[in-house]
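Student:
What follows is the structure in structure tokens.
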């Protein structure tokens, strides 16, 4: 659970482009509640957050690269779960402010397609079957950067959850 990818903290160009997009979250709750960052949180900030979130003061946040949040402070991160593989090949996860958590996408490319389909990290975890609301700007970013084929967000989310089926249990173990 704390495997790292050689300490790679270089911000992917695709995420830098996503950071320039303004996500709309209207009063009706039909938008995407996501505030992307233009750089990863520092290793120290990530460790402090993980220790606070889990209540486990022994943890090291080296397995996570936090790159955005929702309006309540829930965090989106790349999870370095595949030893020795580049950041773009690592899954994207979400940790909500009230304990929600889940795998959003199996890799950065699939995450771009989730965004293009109208879901953010929080929506992917809490409403994985929501109706698609395509976003042309995010679709253009995905088309430029993605190495996976376009699929509906609900399919991508289901595939990632199946691949990382023990994520919730693994996080529960960290909280003990």
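Numbering (my numbering), first residue to last: -1 to 174.
Ideal placement from N, C-alpha and C gives every residue a C-beta, glycine not left out.
Let me know if residue 121 comes out buried or exposed under the rule of 16 or more other beta-carbons within 10 Å of its beta-carbon.
Tutor: Locating residue 121 in the chain shown gives position 123, counting from the first residue. Counting Cβ neighbours within 10 Å, residue 121 comes out buried, since at least 16 surround it.
Student: Would you check if there are 3 or more beta carbon pairs closer than 8 Å linking the segment 104 to 116 to the segment 124 to 133?
Tutor: Yes, they touch.
Student: Considering only their Cβ atoms, is the gap separating residue 101 from residue 162 smaller than 7 Å?
Tutor: Taking the first residue of the chain shown as position 1, residue 162 is located at position 164. Taking the first residue of the chain shown as position 1, residue 101 is located at position 103. For residue 162 and residue 101, yes; Cβs fall inside 7 Å.
Student: Is the Cβ-Cβ distance between residue 38 and residue 63 less than 7 Å?
Tutor: Your numbering for residue 38 matches position 40 in the chain shown. Your numbering for residue 63 matches position 65 in the chain shown. Yes, they are a contact pair.
Student: DSSP state of residue 84, grouped into three classes?
Tutor: By 1-based counting over the chain shown, the position of residue 84 is 86. Residue 84: coil per DSSP, three-state reduction.
Student: Quick test of the definition: if touching needs 3 or more C-beta pairs under 8 Å, does the segment 44 to 53 touch the segment 140 to 154?
Tutor: With the cut-off at 8 Å, the segment 44 to 53 and the segment 140 to 154 do not touch.
Student: What residue range is occupied by the uninterrupted beta strand (DSSP E) comprising residue 142?
Tutor: Position 144 of the chain shown holds residue 142. Careful: residue 142 lies outside any beta strand (DSSP E), inside the alpha helix (DSSP H) at 134 to 143.
Student: Say whether chain C places a C-beta atom closer than 7 Å to the C-beta of residue 147.
Tutor: Absent here is chain C; the protein component of the structure consists of one chain.
Student: Going along the chain, which residues of its own chain have a beta-carbon closer than 7 Å to the beta-carbon of residue 150, five neighbours each way excluded?
Tutor: If you number the chain shown from 1, residue 150 lands on position 152. Here the set comprises 115, 130.
Student: Alpha carbon to alpha carbon, what distance is there between residue 10 and residue 139?
Tutor: Taking the first residue of the chain shown as 1, we reach residue 139 at position 141. Taking the first residue of the chain shown as 1, we reach residue 10 at position 12. About 12 Å.
Student: Name the residue from 43, 29, 52 whose alpha carbon lies nearest to the alpha carbon of residue 174.
Tutor: Taking the first residue of the chain shown as 1, we reach residue 174 at position 176. Ranking 43, 29, 52 by Cα distance to residue 174 puts 52 first.
Student: Starting from the Cα of residue 36, find the closest Cα among 75, 15, 21 and give me that residue.
Tutor: Here residue 36 corresponds to residue number 38 of the chain shown, with the count starting at 1. Per the Cα distances, 15.
Student: To the nearest angstrom, how far is it from the Cα of residue 136 to the Cα of residue 110?
Tutor: The residue you call residue 136 lines up with position 138 of the chain shown. The residue you call residue 110 lines up with position 112 of the chain shown. Cα to Cα, residue 136 sits roughly 7 Å from residue 110.
Student: Considering just the uninterrupted stretch of the beta strand (DSSP E) at residue 73, what are its terminal residues?
Tutor: For the purposes of this step, residue 73 is taken as residue 75 along the chain shown, with counting starting at 1. Note, residue 73: beta strand (DSSP E), 73 to 77.
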